[in-house]
Structures are given as C-alpha cells and as structure tokens.
Amino acid sequence: MELKRSFIKDLLISEETDKQVNAKGWVRTKRGNKQVAFVALNDGSTINNIQVVIDIANFDENQVKDITTGASISVNGTLVKSMGQGQNVEIQAKEILVYGTANPETYPLQKKGHTLEFLREIAHLRFRTNTFGAVFRIRHAMAFAIHKFFNDKNFYYLHTPIVTGSDAEGAGEMFRVSTLDPENPPKTEDGKIDYAEDFFGKETNLTVSGQLEAELGAMALSNVYTFGPTFRAENSNTPRHLAEFWMIEPEMAFYDINDNMDLAEEMLKYLVKYALDNCIDDLSFLEKRLLEDEKSKPQNERSEMPLIEKLQFIVDSDFVRLSYTEAIDVLKNSKPAKKGKFQFPVEWGIDLQSEHERYLVEKHYKKPVILSDYPRDIKAFYMKQNDDGKTVRAMDVLFPGIGEIIGGSQREEIYDKLSSRINEMGIPEKDMWWYLETRKFGTVPHSGFGLGFERLILFITGMSNIRDVIPFPRTPKNAEF
RNA sequence: UCCUCAGUAGCUCAGUUGGUUAGAGCACCUGACUGUUAAUCAGGGGGUCGUAGGUUCAAGUCCUACCUGGGGAGCCA
Numbered sequence: 000m001e002l003k004r005s006f007i008k009d010l011l012i013s014e015e016t017d018k019q020v021n022a023k024g025w026v027r028t029k030r031g032n033k034q035v036a037f038v039a040l041n042d043g044s045t046i047n048n049i050q051v052v053i054d055i056a057n058f059d060e061n062q063v064k065d066i067t068t069g070a071s072i073s074v075n076g077t078l079v080k081s082m083g084q085g086q087n088v089e090i091q092a093k094e095i096l097v098y099g100t101a102n103p104e105t106y107p108l109q110k111k112g113h114t115l116e117f118l119r120e121i122a123h124l125r126f127r128t129n130t131f132g133a134v135f136r137i138r139h140a141m142a143f144a145i146h147k148f149f150n151d152k153n154f155y156y157l158h159t160p161i162v163t164g165s166d167a168e169g170a171g172e173m174f175r176v177s178t179l180d181p182e183n184p185p186k187t188e189d190g191k192i193d194y195a196e197d198f199f200g201k202e203t204n205l206t207v208s209g210q211l212e213a214e215l216g217a218m219a220l221s222n223v224y225t226f227g228p229t230f231r232a233e234n235s236n237t238p239r240h241l242a243e244f245w246m247i248e249p250e251m252a253f254y255d256i257n258d259n260m261d262l263a264e265e266m267l268k269y270l271v272k273y274a275l276d277n278c279i280d281d282l283s284f285l286e287k288r289l290l291e292d293e294k295s296k297p298q299n300e301r302s303e304m305p306l307i308e309k310l311q312f313i314v315d316s317d318f319v320r321l322s323y324t325e326a327i328d329v330l331k332n333s334k335p336a337k338k339g340k341f342q343f344p345v346e347w348g349i350d351l352q353s354e355h356e357r358y359l360v361e362k363h364y365k366k367p368v369i370l371s372d373y374p375r376d377i378k379a380f381y382m383k384q385n386d387d388g389k390t391v392r393a394m395d396v397l398f399p400g401i402g403e404i405i406g407g408s409q410r411e412e413i414y415d416k417l418s419s420r421i422n423e424m425g426i427p428e429k430d431m432w433w434y435l436e437t438r439k440f441g442t443v444p445h446s447g448f449g450l451g452f453e454r455l456i457l458f459i460t461g462m463s464n465i466r467d468v469i470p471f472p473r474t475p476k477n478a479e480f
C-alpha cells in the first residue's frame, strides 16, 4: 500500500510512534559504519532534519552507496523513539527509493560551512542550506503577513503596472522596455529614435514605483496597497541595493502625516511580531549563525543584542519621532559634530548622510527613529507643502543597521500647489494629466509610504547583504540564473 | 561611479627579503570501526597560483591594464 507522504516538520513533533510513515526529501549527510547508516533528511518544511536509520543488512549495497549528500530519496519506515541523543524520533527504514543521485565528487555543497559569497555563485543550490532555507521560509512568512495585515485593516491589494510610460517621478534611472531592433531602430526626420514606432507607441520603462497609480486607486477605494517588483537601473554597488527588488506601497485617503507614521510603526511591529510568533526555529538558527559569524569581528562591530532580543525590542519600544529641524539640532550638538568627526558637516538644508542617520538611530536614541518635515528642496514634487514655505510633510523610518527602511509622505492634494511644484521642477505637465485630475475631481488629503521588502527581510533575518535575502539577485553586471 | 582590500586544490586559507618538486584543514576515494550527531582513525588522488601583458638569470611573490568578489561612500527602498 502506498503511504501518504508526511512533511518532516510534522513527523518531528508527532506523538504517534511505531507507526508506518513515508518521508521524501534531500540527504544532508550520511554517517555510520558497515552495519548501520544514519541519514539526515530534509524536505524544506523545517530547518530540522529527520534521522533515517538504515540497517545495511536489509538493503542492497549499491543502493546504500547511492544515498549520498544531495541525493533525493523517498523512505518508507517506522517512526520510532530515537535510541541515540540529539533527536526525539527517527525513521527506521524499511524501503528506500532513490529518485536522483548526487555525485559526491562534483556536488558542491558540503556539511561544513560555506561562505555566503560562494553560495551566491550556486544560487540554484543554496536553498538546500540551513541558512537559505531559513531566510526564504521567513521571506514567505513576511509576504503572507503583509497581505494579512492589510486585509485585516480593509486595504485592497492593487496591481499597478510593471511597464510604465510615466517617467516623471524621478525615483531613479530606469530600464527601457522596447521591441525596436537595437541594430537598426526607426528614426525620426531629425535623426532621433522614433518611439512612435515602438510597441506601445511611446517610450516605456520598467516601473520604479507604483505610488502614483496607487494614489489613483486610493481616491475611490480609500485604502490600497501595492506589493510587487520594482526596478532601478542605478549603478549602485552596495549590500543594501538591488536593481530588481520588491516594494510594499500603501496609500490611504483621509490620512495625514501622523496617521501615516502610526500605520508605518504599527505595520513594522506587526511584521516583526509575526516572525517571532511563526518562525522561531529559523530565527534561532539565524541568531546562532550570526553570533558565530561575529566572533571573528572586533567588539565594536558586533551587534548590540542577539537577533531575537533585537526583534523583541522593536516590538516593545515606541519609535522616536522628531522633525528634520530637531534632528539637525541634535546632530549639531552631538559629540562627533563638535569633535569634527562627521565627514559631511551638518547644516539645515542638507540631505542627511548615512553617518548622520546612524548616529541618531544607533548612538543617540538607540531605537527606530521616524524623521519628518524635511526641507522641500531635497524631496519629491508630490509631497505636501507645510505652511512655513520651507518644508514638506515627508517621513522616513530609520532602522538600526539598515538605515532608511520606509520613506513616505502626505501627498499634496491641492491642485494649484501641485501644479506649480511640477512646473518648478521642470516636469512636463502634459505627462501628468491623469495624476493632476485626481486633484480636480473630489480631491482629499491622503498619505502613503514605501517599504523595501528586502530591507525588511535583512533586518528580520540579521543577514548583512541584500543579495542573500532574494532568491536570484539582480545587480549591476549580474543577471545569472 | 569613487575609495579600499582580496582572488593559490571542490571549499576555507598559509606561502618569509623574488630562488629547488607550491602546503594545511575540510571535502572526495579506499580501508578499519555494532548507534552516529560537523562521527572517529589510517592511507590515497587532486593545482595553467583570476585574465593578459611586462621587469628579471629566476615571478604565487614586483609593475601595468582588465575581470570578479568583499568592506566603505554616493544614489535610494
């Protein structure tokens, strides 16, 4: 009789021993001697392996030889209490089917640790390691939690376009989308490429943000959010940037900047708590990994607290809120400013540098910080202007170790003010007619923000390079897999 | 894009002021071991020293350019 396949996650907590079970998965290691072999089997359902015990006398010798690290097998056997230490239950194997072998001489994964840089070169196999298994299970849990959070609050998931003709936002360099022959594109009379001949009849690009379209949705559905891929063709080579990344962008009608900050703080705490409540095995593993990793670092480069404690701290603490202007005062009176330790001098009107943000979050407040009301001249055209004529209702959430995890604002809902700002910044108004019309017909105060999904995952997993929290990273000079 | 460090066996690394046949640990293969937990013990195979030039009697080692990766910065999420 065919046994129904059980997930290892469920077998490991099962009380029903002496029962016939089937498990399928990939071999992590095999140990043993001539009489008995111990196979650690993993199927991705949990970070933990189940031990399969093989009495070699009962099996074909060649078959046992094929069961090596990386091989895929199906095991029928008895779930029994383990005689050895280190696990509660194990499977006493009766029948084993080898689906696919993995030549030990060429299979690149070993039981001993690999560097993350090496594993990135074999991204097709790195899912099979403990670290990446944990990271991608957590990534899934966070995606699910985001939908749950918004659904429970009456937000609608809005699908904004990936291919966009709007190039007005200025969020970054864009990837062109075109079906024209790159060798011999059609030209206009003055010798320029004639995009009227292109697939969409105009220049199109991959989206840099779904915000403007999300605003349109919020002007009828009240609360919407987007959660999709976003593309930036910036030549950024850092552990915090990707050319293709996922972004969550809620947009809320009738929200002012304070409502916006409340929502951002509530959402981040909800997500961190969800991870603590649902991914504790994976988080514990990542915490140990991180501690091990940091042993080789000097004291001042190590984390202030272990991963799980850090996450709990986020859930328990109130985020510090202060205005840009107040932040500048704090920075000016800080020790590093007085001792001339900042590389970039602090002056009202500058865009804060990472060293300034890090000082505020990691040294001064030692908590997440929400900065608001930035100078108008360093922020985007759509942000609501304050009455002082100098600042706009922007807000950034800064996290320790990550920097800016959320950027958002109250939007300018007054037609004349928005229109004149668009003109001041030299954006062609004719391209923005649809955006401006929402301010003509039933405009309302509204707000929204963008959360970089991978930066959230970085924070929650404690990983340090953003290329290790997305399955197949897209970065300058790299689109392998 | 800028600054900086690195690239030596499948992996992680050592390799002295330039000097004989380039080393180690792990992995892998063979053998030993009746319950292992990164199993253990003995033996074995495995290298165009990132690529291309150059200096020198002699280059893994020095010089130049390029490629790739790490860390930092800018742009940002």
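Mapping to numbering that gives the first Met the number 0: the first sequence position 134 is 133, numbers consecutive.
Even glycine gets a Cβ: it sits at the ideal position worked out from N, Cα and C.
Legend entry - Environment of A195 [buried if 16+ CB atoms lie within 10 Å]: exposed
Legend entry - In DSSP terms, what M382 is bridged to: R410
Legend entry - Host alpha helix (DSSP H) of W433 (start-end): 432-436
Inset, instruction - Check whether the Cβ atoms of D65 and T100 lie closer than 8 Å to each other. - result: yes
Legend entry - Per-residue DSSP class, three states only, for F230: strand
Inset, instruction - List the DSSP bridge partners of W25. - result: N41, S71
Inset, instruction - State the DSSP-derived secondary structure class of N495, mapped to helix, strand or coil. - result: Residue 495 is absent from the structure shown; the chain starts at 0 and stops at 480.
Legend entry - Three-state class that DSSP yields for A478 in the structure shown: coil
Inset, instruction - Flag this pair as touching only if the segment 220-236 and the segment 409-427 have three or more C-beta atom pairs under 8 Å; answer yes or no. - result: no
Legend entry - Continuous alpha helix (DSSP H) stretch holding E132: start and end: According to the sequence shown, residue 132 is Gly rather than Glu. Its alpha helix (DSSP H) spans residues 129-151.
Inset, instruction - Starting from Q539, follow the beta strand (DSSP E) in both directions and report where the run begins and ends. - result: Residue 539 lies beyond the stretch modelled for the chain, which goes from 0 to 480, so this question has no answer here.
Legend entry - In DSSP terms, what Y155 is bridged to: V223
Legend entry - Beta-bridge pairing of K504 - partner residues as DSSP gives them: Here the chain has residues from 0 to 480 only, and residue 504 is not among them.
Inset, instruction - Would you kindly work out how many angstroms separate the C-alpha atoms of S73 and K476, rounded to a whole number? - result: 40 Å
Inset, instruction - Scan the segment 228-300 and note each continuous beta strand (DSSP E) run of 3 residues or more that stays entirely inside, going in chain order. - result: 243-252
Inset, instruction - Figure out for me which residue from G441, A336, N61, R466 has the closest Cα to the Cα of A252. - result: G441
Legend entry - G402 and R138 closer than 8 Å at C-beta: no
Inset, instruction - Could you have a look at M82 and say whether DSSP puts it in helix, strand or coil? - result: coil
Legend entry - Reduced DSSP category for M394 - H, G, I as helix; E, B as strand; rest coil: strand
Inset, instruction - Decide if R375 is buried, meaning its Cβ has at least 16 other Cβ atoms within 10 Å, or exposed. - result: buried
Legend entry - Burial state of F471, where buried means 16 or more other Cβ atoms lie within 10 Å: exposed
Legend entry - Nearest candidate by alpha-carbon position, reference G171, set E116, W245, E233: E233
Legend entry - Assigned secondary structure, I401 (DSSP; H/G/I helix, E/B strand, else coil): coil
Inset, instruction - Please determine, among L321, R438, T128, the residue with the shortest C-alpha to C-alpha distance to N47. - result: T128
Legend entry - Where the alpha helix (DSSP H) containing D9 begins and where it ends: 7-11
Legend entry - Beta-carbon proximity check, L205 vs F174, cutoff 8 Å: yes
Inset, instruction - Grab me the residues of S71's own chain with a C-beta within less than 6 Å of its C-beta, minus the 5 sequence neighbours each way, in chain order. - result: W25, Y98, G99
Inset, instruction - Assign R30 to one of two classes, buried (16 or more other C-beta atoms within 10 Å of its C-beta) or exposed (fewer than that). - result: exposed
Legend entry - beta strand (DSSP E) segment containing R320, residue limits: 319-322
Inset, instruction - Look at L306 and L289 and say whether their C-beta atoms are less than 8 Å apart. - result: yes
Inset, instruction - Note the first and the last residue of the continuous alpha helix (DSSP H) segment covering F481. - result: There is no way to answer for residue 481, as the model of the chain reaches only from 0 to 480.
Inset, instruction - Along the beta strand (DSSP E) that carries D372, what are the first and last residues, could you check? - result: 368-374
Inset, instruction - Would you mind giving the Cβ-Cβ distance between D42 and A22, rounded to the nearest angstrom? I have them listed as a contact below 8 Å. - result: 7 Å
Inset, instruction - Go ahead and pull the three-state DSSP assignment for V51. - result: strand
Inset, instruction - Inspect the beta-carbon positions of T16 and V63 and report whether they are closer than 8 Å. - result: no
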